[in-house]
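**Student:**
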Amino acid sequence: PSLIGLLWLLMVHLQRHLGALMLSSLLSIGSSPVVLAKGWPVAASALGIIKTPGLEVAALMRMLSVAFAATTASIFVAGGTQSILVSMAVAQVIIRAHGTDGLMDTFS
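Residue numbers for the sequence shown follow the numbering used here, so the first one is 67 and each next one is one higher.
(1) Where do the N-terminal and C-terminal ends of the alpha helix (DSSP H) with K117 fall, by residue?
(2) Thinking I116 and A110 are a contact (beta carbons under 8 Å), I'd like their distance in whole angstroms, please.
(3) Can you list the alpha helix (DSSP H) stretches of 4 or more residues lying completely in the stretch 121-161, in chain order?
(4) Helix, strand or coil for H83? Go by DSSP, reduced to three states.
(5) Quick check: the Cα distance between V143 and I150, rounded to an integer number of angstroms?
(6) What residues in its chain sit with their C-beta under 6 Å from that of G96, if we drop five residues either side in the sequence?
(7) Can you grab the Cα-Cα spacing for the pair A180 / L87, in whole Å?
(8) In angstroms, rounded to a whole number, what distance separates the CA positions of A163 and S140?
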């Protein structure tokens, strides 16, 4: 299903807008593991994100965690009532599968 979604995105949206195609290509290249392994330590020290060498991975993980949380929160808010209903349904399935003790141990 994700391949179909990517093909639809490429054929319908990105084909008409060259700027969006270039941006998605650059973001795809910039988020590859090789570029992150080689370029992130240099970029982190140049941006002043880290002060001591060796903490580049921890800084990247912290920034990605914040980005993922912000993305999840914005999707949840944008989804409205359906997001709340789906979240409650997923929570009920998790509680039935793992029990309330396992769920509380996960969040504590």
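Just so it is clear, CB atoms sit at the ideal spot from N, CA and C, and this is done for glycine as well.
**Tutor:** On the basis of the coordinates in this document:
(1) Here residue 117 refers to the residue found at position 51 of the sequence shown. Premise fails: K117 is in no alpha helix (DSSP H) and is neither H nor E.
(2) By 1-based counting over the sequence shown, the position of residue 116 is 50. By 1-based counting over the sequence shown, the position of residue 110 is 44. Between A110 and I116 the Cβ distance is about 5 Å, and since that is below 8 Å, they are a contact.
(3) As far as the stretch 121-161 is concerned, its whole alpha helix (DSSP H) runs of at least 4 residues are 122-145.
(4) Taking the sequence shown and counting its residues from 1, one reaches residue 83 at position 17. It is coil, neither helix nor strand.
(5) In the sequence shown, the residue the question calls residue 143 occupies position 77. In the sequence shown, the residue the question calls residue 150 occupies position 84. Using only the alpha carbons, I get a separation of about 9 Å.
(6) Mapped onto the sequence shown, residue 96 falls at position 30. None.
(7) Residue 180 is absent from the model: the chain starts at 67 and stops at 174.
(8) Locating residue 163 in the sequence shown gives position 97, where the first residue counts as 1. Locating residue 140 in the sequence shown gives position 74, where the first residue counts as 1. Near 28 Å, if we compare the C-alpha coordinates of S140 and A163.
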